[in-house]
Amino acid sequence: MATSVKLPVSEFAADVWAGLRAVNQKKLPPKYFYDDLGSKLFEAITLLPEYGLSRADERVLARCAESVAARVQRPCVVAELGSGSGKKTSHILGALNVPELKYYPIDVSSEALSTCSRELGKLALVEPIMGDYFHGLECLSRKRPAKSQLLLLFLGSTIGNLERSEQREFLRAVRRRLRPGDLFLIGADLVKDVDRMLVAYDDPANVTAAFNLNLLARINRELQANFDLRCFVHEAVWNPAERRMEMYLVSREEQDVRVGALDLTVHFREGESIWTESSHKFTVEELETLAKDSEFEVLDQWGDSEWPLIETLWRA
Ligand SMILES: C[S@@+](CC[C@H](N)C(=O)[O-])C[C@H]1O[C@@H](n2cnc3c(N)ncnc32)[C@H](O)[C@@H]1O
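In terms of our numbering, the sequence shown opens at residue 4 and continues consecutively.
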């Protein structure tokens with residue numbers, strides 16, 4: 004049960020308001036993980052031995068970068084949805100080897116964008132765009148030169164954080180913002196052995212737990228809440244029907260939490276959870292169908308022998 008009197012002000016506040024007042028399942032959007040500390044914790048996750056996804060993504064990008072670059076016409080620009088630190092993108096920018104190449108990382112995290120600008124500044128003219136994917140794509144369509152071809156990147160299986168029901172519409176919306184001939188490279192994690200996935204999202208060093216719990220700490224910091232992080236536990240489960248990993252924060256006890264900025268009191272039963280992330284896993288056929296349904300042509304795809312993941316290159 005939640006009580007209220009004040010209207011939320013920011014988008015974050017509005018989403019926390021709606022998510023914590025949900026009657027059946029409390030839920031928070033995963034994009035709010037990525038404040039400064041959250042982005043650093045995500046970078047730490049990518050270094051964990053259990054989180055094979057990032058290393059596989061990087062291995063495949065290193066291997067396919069020349070083939071991708073060979074498809075790109077000049078003049079060109081590169082943009083990236085949810086760039087994060089952009090570490091893996093260096094392979095693509097290096098292979099393109101275009102003097103004064105413009106690269107537009109689009110991300111909600113200012114910390115990620117400043118790391119990205121620092122890391123990739125030697126390979127391209129980095130013009131960060133801070134904000135949501137579609138805000139970024141709108142800015143990009145105003146900034147990019149009229150005759151340039153765009154290579155748009157969406158790496159790290161971030162597409163898997165969208166609900167399955169949203170993925171097709173999301174890709175169609177991206178397609179509408181591209182010009183015919185633009186290229187779209189997506190890194191997507193494939194369905195694999197359940198034990199490998201469980202430990203990837205619940206590592207023994209508890210870095211993923213810290214990443215998940217930081218969402219409550221962010222609400223404490225930014226919305227004057229009083230979540231006691233010791234009273235919540237990180238949980239990662241495989242949902243076989245939906246083919247996705249799900250992350251939750253589970254209340255260890257019955258408790259009330261106050262969110263001062265929203266004048267909101269949120270009640271938790273013992274064992275009640277907040278659903279914080281879904282990471283959908285794909286099949287190659289499913290990605291091909293998604294490409295077709297969103298009016299892209301699949302040009303090429305590359306996989307990894309150690310960690311099932313695919314890099315798929317589409318043309319608008
Ligand atoms: C899973 S991380 C992946 C980062 C990087 N692409 C990689 O492969 O390592 C997701 C990134 O997308 C950003 N992000 C999440 N939701 C977003 C949204 N709706 N709009 C823009 N960026 C978003 C996050 O800040 C984060 O940097």
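Think of the CB as a built atom: it goes at the ideal place given N, C-alpha and C, for glycine as much as any other residue.
Note that this is a predicted model, so its numbers are computed, not measured.
Span separating the alpha-carbon of residue i from that of residue j
i    : j    : result
E257 : T279 : 19 Å
S282 : A244 : 13 Å
V8   : L84  : Any reading at V8 needs caution, since the residue's pLDDT is 43, under 50, leaving its predicted position unreliable; the model's value is listed next. Cα-Cα distance, rounded: 37 Å.
P11  : K295 : With a pLDDT of 45 at P11, under the threshold of 50, the modelled position of this residue cannot be trusted, and the question is left open.
E169 : R175 : 10 Å
G346 : L126 : There is simply no residue 346 to check, as the chain begins at 4 and stops at 319 in what is shown.
L104 : R74  : 16 Å
D206 : R77  : 44 Å
V287 : D192 : 10 Å
I222 : F15  : 9 Å
M200 : C67  : 25 Å
V80  : S151 : 7 Å
L302 : R255 : 49 Å
V129 : V19  : 32 Å
R167 : L290 : 12 Å
Q304 : N242 : 27 Å
E314 : T161 : 12 Å
Y136 : N164 : 13 Å
G274 : Y251 : 11 Å
A72  : D185 : 13 Å
D307 : E53  : 16 Å
From the options, residue whose alpha carbon lies closest to that of residue i
i    : options                   : result
L316 : L153, E238 and G89        : L153
A208 : R24, I109, S42 and L51    : L51
T211 : E46, K30 and K150         : E46
K43  : E61, N100 and L116        : L116
A17  : D38, L267, N27 and L181   : L267
E309 : E289, V63 and R221        : V63
G190 : R179, R233, T49 and D60   : D60
M133 : P183, D38, G263 and R246  : D38
R145 : E314, L226, G22 and R182  : R182
R224 : Y35, Q28, R24 and A21     : Y35
V194 : S70, P131, P33 and P311   : P311
A25  : D307, G306, R318 and H270 : H270
L99  : E122, T118 and E69        : E69
Residue i Cβ short of 8 Å to ligand 1 heavy atom set
i    : result
T211 : no
T315 : no
T320 : Since the first residue of the chain shown is 4 and the last is 319, residue 320 is not available in this structure.
S117 : no
P33  : yes
G85  : yes
N223 : no
G263 : no
N164 : yes
I189 : no
F332 : Lying outside 4 to 319, the shown extent of the chain, residue 332 is not represented and no answer is given.
S281 : no
G159 : yes
Y106 : no
Neighbour-count burial assignment, residue i, 16 or more Cβ in a 10 Å radius
i    : result
G159 : buried
G89  : buried
P102 : exposed
D231 : exposed
T292 : exposed
T6   : Bear in mind that the predicted position of T6 carries a pLDDT of just 43, short of 50, making it unreliable; the figure below should be weighed with that in mind. Flag for T6 reads exposed.
M4   : Confidence in M4 is poor, its pLDDT being 45 and thus under 50, which makes the residue's placement unreliable; the coordinate value appears in the next sentence. Burial call: exposed.
R272 : exposed
R57  : Sequence inspection shows Ser at residue 57; the Arg mentioned does not correspond to that position. Flag for S57 reads buried.
**OP:** List in chain order: all unbroken alpha helix (DSSP H) runs of 4+ residues lying wholly within the stretch 191–244.
**Re:** List check, alpha helix (DSSP H) in window: 197–203 and 210–226.
Original post:
What are the start and end residues of each continuous beta strand (DSSP E) run of 3 or more residues lying completely inside the stretch 247–300, in chain order?
Top reply: Counting only runs of 3 or more residues that sit fully inside the stretch 247–300, the beta strand (DSSP E) segments are 247–254, 258–262, 267–271 and 276–283, in chain order.
**OP:** Let me know the beta strand (DSSP E) ranges lying completely inside the stretch 121–188, each 3 residues or longer, listed in chain order.
**Re:** 152–157
**OP:** Write down every uninterrupted run of the beta strand (DSSP E) in the stretch 15–103 whose length is 3 residues or greater and which is fully enclosed by it, in chain order.
**Re:** 79–84
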